[in-house]
Structures are given as C-alpha cells and as structure tokens.
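Here is the structure we will look at.
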Amino acid sequence: MSRKRPHEPRAAESAPDVDAGEESPDRAALRRQMEEARESISDTVAEIKSVVVNQYEGVRETVETVRAEVGEVLDWRTEFERNPLVWGAGAVSIGILMGFATARAFDDEDGGGRGVRRRRLRPAATSSRSFRASPTWFCRPSRPR
-15 MSRKRPHEPR
-5 AAESAPDVDA
5 GEESPDRAAL
15 RRQMEEARES
25 ISDTVAEIKS
35 VVVNQYEGVR
45 ETVETVRAEV
55 GEVLDWRTEF
65 ERNPLVWGAG
75 AVSIGILMGF
85 ATARAFDDED
95 GGGRGVRRRR
105 LRPAATSSRS
115 FRASPTWFCR
125 PSRPR
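Right, dumping it as structure tokens:
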C-alpha cells in the first residue's frame, strides 16, 4: 500500500538549472524514456483490459448456452410430449424389473430362493447325478445331494 505524502519539492526540481532554457542531453533522454514507458504501460493496460472484457463476454455466453442446454435436457415434460411411447415403454420396463426384484426379495425371505420346496419334496437320488425327467432337467443339471 502506498501512502500519500505531502508534496515536497525534490532536490532536483528545486535546484535551479544551470541553463534554464535548455535541458541537458541526459535529462532529455530520461524524459523521453519516461514518456515511452508511460505509453507502453498505457498500451499494455489497454490490451489487458480488452482481453479481460473479451474473455468475460466469452464466458458469459458459454454459461448462458450451457444453462439453456441443461434446461432443455432436464425438461422431461417436453421430452415426454415428443416421445410418449418411449417414455411409456421405459416406465413399464422399470415397473416389471421392480416387481421381479420385490418378488425375489420375498422368495429369499421364505426359504432360500425359488424351487427350494420342489427339491425338498423329491426323493434323494442314489447316484451323485440324477438324470430323471423333470421340467428343469434340460435347463441345468441337478446338483449332487
């Protein structure tokens, strides 16, 4: 932070010049360098300002575009109006899957899964593998008991 100091005359400014009408070559070169530095700094500040403004506008447009696109994607009512059959088929599919999952959960609670009662009621086979005719024989081989 810079603090403002009361204006005090500098030693170089308060000292009278030897030649009041003309500046020394060193002093003129220094003034010329200072003016060039000021112009360069002013140009740099202007360039930075224009770049920041352009980037701000670009980001603003991008945010507005993304907001609009996300709004379109999340607007399920419009999508349902466009494709009601697809949404209906999806809802039926999800309902069937949820029904199977619920039925499976209740079967697991009752006794360990589907088909447990049928296996318990069958007589035990004498060999390690049973090849008797049953509705599930062609689906999977029976397990050794």
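The numbers in the numbering used here rise by one with no breaks, and the one at position 118 of the sequence shown is 102.
We put the CB at the ideal spot given by N, CA and C, even for glycine.
Note that the coordinates shown come from a computational prediction; the quantities given were computed from them, not determined experimentally.
Take V50 and list the residues in its own chain whose beta-carbon comes closer than 7 Å to its own, dropping the five residues that flank it on each side.
-> By the criterion of a C-beta distance shorter than 7 Å, V50 is surrounded by no residue of its chain, once the five residues flanking it on both sides are discounted.
Collapsed DSSP secondary structure at N67 in the structure displayed = Coil at N67, not helix or strand.
Distance, S77 Cα to G55 Cα | Straight across, the Cα-Cα distance linking G55 with S77 is about 26 Å.
If you draw a straight line from the alpha carbon of E45 to that of F64, how long is it in whole angstroms?
-> It is roughly 29 Å from the alpha-carbon of E45 to the alpha-carbon of F64.
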